[in-house]
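K.L.:
Using UniProt numbering, you'd call the opening residue of the sequence shown number 1 and step up by one each time. Where a beta carbon is used, it is the ideal one built from N, C-alpha and C, also for glycine. Values in this document were obtained by computation on a predicted structure and should not be read as measured data.
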Amino acid sequence: MDEEWTDRDTRGLANLFNQRYVTLASITTIVYDSFLILADEVDLIWSKPWKSSIKPVYLINKMITIGLNIVTMYQLGPLRPSLTLKWYYSVNLAVHRLRNSRCQGYIVAGTLCQLISEILSKWILTRRLVAIYAKDRKIVASIYAAYGFCYIVSGVFALWSISDNIKHVGISNRGECAAVKQTSPIFGLIFIAPLIYELYMAALTIRKALSHVAFLKHRKSAPLLYVIFRDGIFYLFMIIVARICVILLIVKGGSLYLGLALQWCMDVVFICRFYLNLLKVASRDHNISMWETKATLDIQHPQGTELDTFGGTAGPSVTTGSRLSEREVADIETPGGIGNTSTKGKERVP
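1. Roughly how many whole angstroms lie between the Cα atoms of Phe237 and Ile166?
2. Helix, strand or coil for Phe310? Go by DSSP, reduced to three states.
3. Nearest CA to the CA of Ala203: which residue from Phe35, Ile233, Phe17, Val71?
4. Report the rounded CA-to-CA distance for Glu118 versus Glu198, giving the unit in angstroms.
5. Using 8 Å as the cut-off, can you tell me whether the region 55–64 makes contact with the region 30–45, which would need three or more C-beta pairs spanning the two stretches below that distance?
6. Using the beta-carbon count (16 or more within 10 Å), is Phe191 buried or exposed?
7. Thinking C-beta only, is Tyr235 closer than 9 Å to Phe270?
8. Just to confirm before moving on: does the CB-CB distance between Val281 and Pro223 stay below 9 Å?
9. Once the 5 residues before and after Gly155 are set aside, which same chain residues still bring their CB inside 8 Å of it?
10. Check whether the Cβ atoms of Phe274 and Arg128 sit closer than 9 Å, and answer yes or no.
11. Determine the direct distance from the alpha carbon of Val246 to that of Ala94, and round the result to whole angstroms.
12. Return yes when the Cβ of Ala158 is within less than 9 Å of the Cβ of Thr111, no when it is not.
13. Which whole-angstrom value is the C-beta distance of Tyr21 and Ile124, which I expect to be below 8 Å?
14. Can you list, in chain order, the residues of its chain whose CB lies under 7 Å from that of Glu3, leaving out five sequence neighbours each side?
15. Just the Cα atoms here: how many angstroms apart are Val71 and Phe35?
16. With H, G and I counted as helix, E and B as strand and the rest as coil, what does DSSP make of Tyr147?
17. Using the rule of at least 16 other Cβ atoms within 10 Å of the residue's Cβ for burial, across every protein chain shown, is Lys138 buried or exposed?
18. Just curious, the alpha helix (DSSP H) that Trp264 is in, first and last residue?
19. Quick one: residues in its chain with C-beta nearer than 7 Å to the C-beta of Ala146, no 5 flanking neighbours on either side, listed in chain order?
20. Which stretch, first to last residue, makes up the alpha helix (DSSP H) that contains Ala134?
21. May I ask which residues mark the beginning and end of the alpha helix (DSSP H) holding Pro49?
22. Is the CB-CB distance between Ile240 and Leu210 below 9 Å?
23. Could you compute how far the alpha carbon of Gln19 sits from the alpha carbon of Ile228?
24. Out of Gln263, Leu276, Ser121, Trp46, which has the shortest C-alpha to C-alpha gap to Asn69?
25. Taking the C-alpha atoms as reference points, what is the distance between Cys150 and Arg230?
26. Does Ile186 come out as helix, strand or coil in the three-state DSSP assignment?
27. Can you tell me the Cα-Cα spacing of Leu248 and Ala261, whole angstroms?
28. Run through DSSP, which three-state label would Ile37 get?
29. When burial is assigned at 16 or more other CB atoms within 10 Å of the CB, is Leu120 buried or exposed?
30. Is Ser163 helix, strand or coil by DSSP?
31. Cβ of Glu41 within 9 Å of Cβ of Leu276?
Have a look at this one:
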C-alpha cells in the first residue's frame, strides 16, 4: 500500500496520528459523561418499565458509540501488536491479505455503525419535534418525510463512498494501522443531507418557541416544554457547528478520520442528556400541566409517572383559578399530543 512518499501521504499520516488523540478525547468524553449520568440512567431508564421504543434506541445508540470508539482507539493506538507490512510478509502473504480484508471490514463496519447511530439519534430528536407539532398534520408529515428522505440519501452516499474507499483500504506501513490512502470525494456528501435536516428542525423548533414565548418566560409554568426548547435549540446549534467543521475538514484536507469521532460522541452525549432531562422533569410531581401558566387544573402528574408521547400546538386559554372542561382535556390528550395518555391525567414521554 505504501509505494511512494508524497505530500498526500504526509497529510494522511499526520491525520492518522492526530486521530489517535481525537479518538482518545472522544472516548474519554462519552465514558466520563456516562459515569456522570449513571445515577439518572439507572433511576429513569433501567428501573422503569420499557413501554416505548425510545429507551432501547437510546441504549443501543450509546453502546454502539462507546464500543466502536474503543475498537477505533485499539486499532489506532499502540496497544495491539504491530500491523506493519514487513511483519506480515515475514509470516505469510496470506496472513497479510487476511489482515487487509479485516481492515476493509473495519472501515465498512465503522461507517455503517456511525450511520446507524446518526439515524437513532435523529429519531429521538424527531419524536420530540413531532410532539410539539402533533396537531399540525402537514408539518408532522413534512418532518417524517424529511427524516426519511435525509437518511435514504445519506445511506446511498455512505454505500457509494464505501464502495470507493474500500479500493484504497489496507495496512499502512508508516501509520502501522488500517487506513484509507485516498478518501472518496463522495464521503463528505454523507453529512450534507443530515445538516439540511438539522437546519429544518432548528427552524421549526425556534418557530414554535417564538409562538409560545409567554409560556417559556418562567420555566415552572411549562417545565417539559421549556426543556424541549432549551435543550433542543442548544443541541441543534452545537451539532450543526460540529457537522460543518467535519465537512470542511473532509473537503479541504481529505481526512476521513479527523474530527468525525468527536462530532459523533458530541451528538450522542447531547442526545442522551436531552432525553434524560425530559424523563427527569416528567417523573417529578407537577401540579400544573405543560400548557398551564398559573391555573389550578384537574390534570395532575403523580410521582413516578412515566411519559411516553406528548405533542400539540397550542394550549387552551386558561385563567388563574379556572379548570379545564372535559372537551379541553380531550384536546390536550390527543394521540401523540402533549398530555397524550392511556389513562386520563397522565402525560407520557417516549
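P.N.:
Quick look at the numbers:
1. Cα to Cα, Phe237 sits roughly 33 Å from Ile166.
2. Reliability of the predicted coordinates at Phe310 is poor, the pLDDT of 37 falling under 50, and the value obtained from them is presented with this limitation in mind. It is coil, neither helix nor strand.
3. Ranking Phe35, Ile233, Phe17, Val71 by Cα distance to Ala203 puts Ile233 first.
4. Taking the CA atoms as reference points, Glu118 sits about 12 Å from Glu198.
5. Touching, yes, given that three or more Cβ pairs across the two stretches are closer than 8 Å.
6. Buried: at least 16 other Cβ atoms inside 10 Å.
7. Yes, the pair counts as a contact, with Cβ atoms nearer than the cut-off.
8. Result yes, Cβ atoms of Val281 and Pro223 sit closer than 9 Å.
9. Within the same chain, Gly155 has close Cβ partners Leu115.
10. Less than 9 Å divides the Cβ of Phe274 from the Cβ of Arg128.
11. Unreliable positioning characterises Ala94 in this predicted model, as indicated by a pLDDT of 40, which lies under 50. The coordinate reading is nonetheless provided below. Answer to the nearest angstrom: the Cα atoms are 37 Å apart.
12. Against a cut-off of 9 Å, the Cβ pair of Ala158 and Thr111 comes out as a contact.
13. Tyr21 to Ile124, Cβ: 29 Å. No contact.
14. Because the pLDDT at Glu3 is just 47, under 50, the model does not fix this residue reliably, and the point stays unresolved.
15. Looking at the two C-alpha atoms, the distance is approximately 20 Å.
16. Correct three-state label for Tyr147: helix.
17. Exposed, since its Cβ has fewer than 16 Cβ neighbours within 10 Å.
18. Unbroken alpha helix (DSSP H) run through Trp264: 260–282.
19. Contacts found: Tyr197, Tyr200.
20. Where Ala134 is concerned, there is no enclosing alpha helix (DSSP H), given that its DSSP letter is neither H nor E.
21. In the DSSP assignment, Pro49 falls outside any alpha helix (DSSP H), carrying neither H nor E.
22. No, the pair does not count as a contact, with Cβ atoms beyond the cut-off.
23. In this model, Gln19 and Ile228 are separated by some 34 Å (Cα to Cα).
24. Measuring from the Cα of Asn69, the nearest candidate turns out to be Gln263.
25. The straight-line gap from Cα to Cα measures roughly 24 Å.
26. In the three-state DSSP reduction, Ile186 falls in the coil class, being neither helix nor strand.
27. Distance between Leu248 and Ala261, taken at the CA atoms: about 15 Å.
28. Ile37 falls in the coil class under three-state DSSP.
29. Of the residues assessed, Leu120 falls on the buried side of the cut-off, its CB having 16 or more other CB atoms within 10 angstroms.
30. Note: Ser163 maps to helix in three-state DSSP.
31. Remark: C-beta atoms of Glu41 and Leu276 approach each other more closely than 9 Å.
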